[in-house]
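According to my numbering, the stretch in the sequence shown is residues 444 to 1005, in order.
Here a beta-carbon is modelled for each residue, glycine too, at the ideal position from N, C-alpha and C.
Everything on this sheet refers to the single structure shown next.
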Amino acid sequence: MEKNYKLKDIPYVKMDFQEIQRKLDEFAERITQAENYETVKKILLESQELQREVNENHTLAMIRMYQDSTDEYYAKEAMEQDRELALRDSSKLNQALISSPFVEDINREFGEEFLLILDKDNRLLSEGKELQVKEQDLMNRYQKLKATMKFEFQGKTLSEGELRPFREDPDREVRRECLKVMYQGYLDKKEEFEEILNELVNTRIGIAKANGFDSYLDYKNLEKGRREYGEPELAAFRKQIKEEVIPLMKVLYEQQKERLGLDKLTVCDYNLIFPDGNPKPAGKIENLCRAAGEMYHKLSPEIGAFYDEMLAHELIDAVQSPNKITGIGFCTTLDKTGMPFVFANSDGTMTDVSVLTHEMGHAWQAYCSMRKQPLEEYYWMANDLVEIPSKTMELFAYPYAEAFFGKDAEKFLYMHQYGIISELTFYTMVDEYEGWLYTNPQAAMKERCEKLEQLFREYNPGVDNSEFLEEILAGAMLFGNMGVYMYPKYLISYVLSEMCALEFKERMDENPGQAWKDYKLFCETGGSMEYVSILKQSGLSPAYVDGTVARVLTGLKQRLGI
């Protein structure tokens, strides 16, 4: 790739997956026959090069599909690649490495985590290939359905991304009508959303059973890298959230109700934090990107130079477009090019800044890992670790709030910290809901909607949903929940990670230079260590340990004045 390349210039190559499978099997055979470690290492590095090429082309198709959901070519390419990747069988290659007489040499050079990751993949993906393809097809179908929804509002036809800002309009009638239109839009496609969820639940349980798991939750926890902990620890963590965070949320809702001058806070009110409107970024996304550049250069010369490189290659796409996939920001990697890519769909709200800084945290971690770690498997961390750099970067942005928000800086700081408490409750609620969903797979859709509504009330004390209860019980709240459909057992990672991010924030306030060094080391480590080990190396606490939530929230509570 030439020095001055742009994202749009990176060529997309249609992969021959039959040839890829042939090469994978050939690698396995050659490793089995290898007579010395140097030969094994050579073949391993060859397989890594192939993996980088495959991953890059899959990523390019996905990026271009997300950038324009109306582009049928890349939508088709991305879906075909998803299917082919689900069918791809690396189990022989993985097993050849795991069973190699040169295991000690592999562990010595690359660390023990590598072969543990390969063993995990074999346990998760060896069987049920057709079901894995079906799951991917269903998720793509949901994503396409959600991305192409249109809503008639105030005489205009809007995408969901364009509609969402009206959820926090200072005019209550506008908020109410917005939520009504949004919920009705989901209910208009009720049959499709119900069918997709029904099939997803059964398909996912089928995948787990095909691979020898009695519980889909155990299967998914292993996939998320939770080798040394699982449902018992997550249940104990949820208990801490209920005991320590829900009471805080109740206080914040009461303050919000009084601030807005309402008799009761309803589901169409709780997105509005200030009566004169939530904080707005000081300018369009281009201005925010410039402000981010100033921030990163002040944080560290290294991340400042990295950010400049991202902009130079057009590897940040955050401008608003009605054709973009909505409701999601993400960071991914172009493994062959050796750079991350950040995607967002700005809407002029506070989240433009939060998403940009969050995804840049991911990008910095990926960039550091790609330069420090020798293996693809180490570029990204396990889910409960990978959200720590991103959540931390959001907090590191606090001293630069004025550059992003101007006169609304103080409102932003309050609202972001308010949002932390809100996210802790929402994501924990979804995790508890998923636990119920996959242990009660035969539940009717009516029961599924009732369970979500019951948990919503439990985790959001003080929010009245009676005005929209009929729509919620019909599925409007469930159908729009991307976590349930797209990312089962993932959202709890944000909650676990927020605990560690708050610890990093306290360190940054006390000793910025040392905190940045610790943060950079954490990012460089990538996926080369498992959860408990990397936290120990970084002086952080496993979030599920009893007492952690109360201790970590002390500073946040003080800043919020509760």
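* Asked: Among the residues of its own chain, which have a CB less than 7 Å from the CB of proline 608, if the five just before and after it don't count?
  -> Asp790, Gly791, Thr792
* **Euclidean distance between Cα positions of glutamine 568 and glutamine 579** => Note that residue 568 corresponds to leucine in the displayed sequence, not to glutamine. The straight-line gap from Cα to Cα measures roughly 13 Å.
* Asked: So what does leucine 934 bridge to, in DSSP terms?
  -> Bridge partners of leucine 934: none, in fact.
* Just mark lysine 451 as buried or exposed, buried being the case when its beta carbon has 16 or more other beta carbons within 10 Å. => exposed
* Asked: Does the distance from the C-beta atom of histidine 801 to that of methionine 753 stay below 8 Å?
  -> Their beta carbons are not under 8 Å apart, which means histidine 801 does not touch methionine 753 by this criterion.
* Between the region 514 to 526 and the region 840 to 854, do at least 3 Cβ pairs fall closer than 8 Å? -> The way I'd put it, the region 514 to 526 doesn't touch the region 840 to 854; fewer than three beta-carbon pairs between them come closer than 8 Å.
* Look at the alpha carbon of glycine 571 and the alpha carbon of asparagine 654, and state the distance between them as a whole number of angstroms. => For glycine 571 and asparagine 654, the distance between alpha carbons rounds to 7 Å.
* Asked: Would you say leucine 799 and alanine 725 are within 8 Å of each other, going by their C-beta atoms?
  -> no
* To do: Using the Cα positions of tryptophan 465 and glutamate 666, report the straight-line distance between them to the nearest angstrom.
  => The residue asked about is misnamed: residue 465 is arginine in this sequence, not tryptophan. Spanning the two alpha carbons is a distance of roughly 26 Å.
* Range of the contiguous alpha helix (DSSP H) that encloses leucine 880 -> Its alpha helix (DSSP H) spans residues 852 to 882.
* **Minimum C-alpha distance to serine 865 - residue among Arg584, Tyr713, Glu676, Phe680** => Tyr713
* Ordered along the chain, which non-local residues of its own chain (more than five positions away) have a Cβ less than 7 Å from that of alanine 958? -> Excluding residues within five positions, the ones whose Cβ falls inside 7 Å are Phe947, Arg950, Met951.
* Excluding five sequence neighbours on each side, which residues of the same chain lie with their C-beta closer than 7 Å to the C-beta of isoleucine 746? -> Tyr739, Trp807
* Is the distance from the Cβ of glycine 720 to the Cβ of tyrosine 822 below 8 Å? -> no
* **Own chain partners of glycine 781 with C-beta closer than 6 Å, once the 5 adjacent residues on each side are dropped** => Correct list, in chain order: Met813.
* Continuous alpha helix (DSSP H) stretch holding methionine 803: start and end -> Counting along the chain, the alpha helix (DSSP H) containing methionine 803 begins and ends at 794 to 815.
* To do: Entirely within the region 595 to 645 and at least 3 residues each: give me those beta strand (DSSP E) ranges in chain order.
  => With a minimum length of 3 residues, the continuous beta strand (DSSP E) runs that stay inside the region 595 to 645 are 599 to 602.
* Asked: Considering leucine 818, what are the terminal residues of the alpha helix (DSSP H) in which it resides?
  -> Taken as a continuous stretch (DSSP letters only), leucine 818 belongs to no alpha helix (DSSP H), as it is neither H nor E.
* **Collapsed DSSP secondary structure at leucine 708 in the structure displayed** => strand
* Run of the alpha helix (DSSP H) containing phenylalanine 470, from where it starts to where it stops -> 460 to 476
* Asked: Could you give the residue range of the beta strand (DSSP E) that holds methionine 782?
  -> 782 to 786
* If you draw a straight line from the C-alpha of glutamate 520 to the C-alpha of lysine 700, how long is it? -> 48 Å
* To do: Alpha carbon to alpha carbon, how far is aspartate 751 from glutamine 885? Give it in angstroms, no decimals.
  => 52 Å
* Asked: Over what stretch of residues does the alpha helix (DSSP H) that includes threonine 482 continue unbroken?
  -> Start and end: 480 to 510.
* To do: For my contact list, asparagine 583 and leucine 561 are in at a C-beta cut-off of 8 Å; report their separation, rounded to the angstrom.
  => Contact flag wrong, Cβ pair sits at about 27 Å.
* Asked: Which residue comes first and which comes last in the alpha helix (DSSP H) that contains threonine 835?
  -> Per DSSP, the unbroken alpha helix (DSSP H) holding threonine 835 starts and ends at 826 to 839.
* To do: Output the distance between the C-alpha atoms of leucine 895 and valine 710, rounded to the nearest integer angstrom.
  => 14 Å
* **Three-pair Cβ contact test at 8 Å for the region 587 to 602 versus the region 616 to 624** => The count of Cβ pairs closer than 8 Å, one atom from the region 587 to 602 and one from the region 616 to 624, reaches three, so the stretches are in contact.
* Leaving out five residues before and five after arginine 681 in sequence, what residues of the same chain have Cβ atoms less than 7 Å from its Cβ? -> Closer than 7 Å at Cβ, skipping near neighbours: Thr871, Asp874, Glu875.
* **Nearest candidate by alpha-carbon position, reference alanine 944, set Lys932, Leu964, Leu838** => If we check each option's Cα against that of alanine 944, Leu838 comes out closest.
* Comparing the C-beta of lysine 889 with each C-beta of chain B, is any distance below 8 Å? -> Judged by its chain identifiers, the structure shown contains no chain B, having just a single protein chain.
* Over the uninterrupted beta strand (DSSP E) stretch that includes leucine 777, give me the two end residues. => Residues 773 to 777.
* To do: Would you kindly check if the distance between the Cβ of tyrosine 861 and the Cβ of isoleucine 716 is under 8 Å?
  => yes
* To do: Could you tell me which residues DSSP puts in a beta bridge with valine 906?
  => DSSP, once it has assigned bridges, lists Leu708 as partnering valine 906.
* Is alanine 679 buried or exposed, if buried means 16 or more other CB atoms sit within 10 Å of its CB? -> exposed
* To do: Would you mind reading off the limits of the alpha helix (DSSP H) that contains arginine 702?
  => 689 to 703
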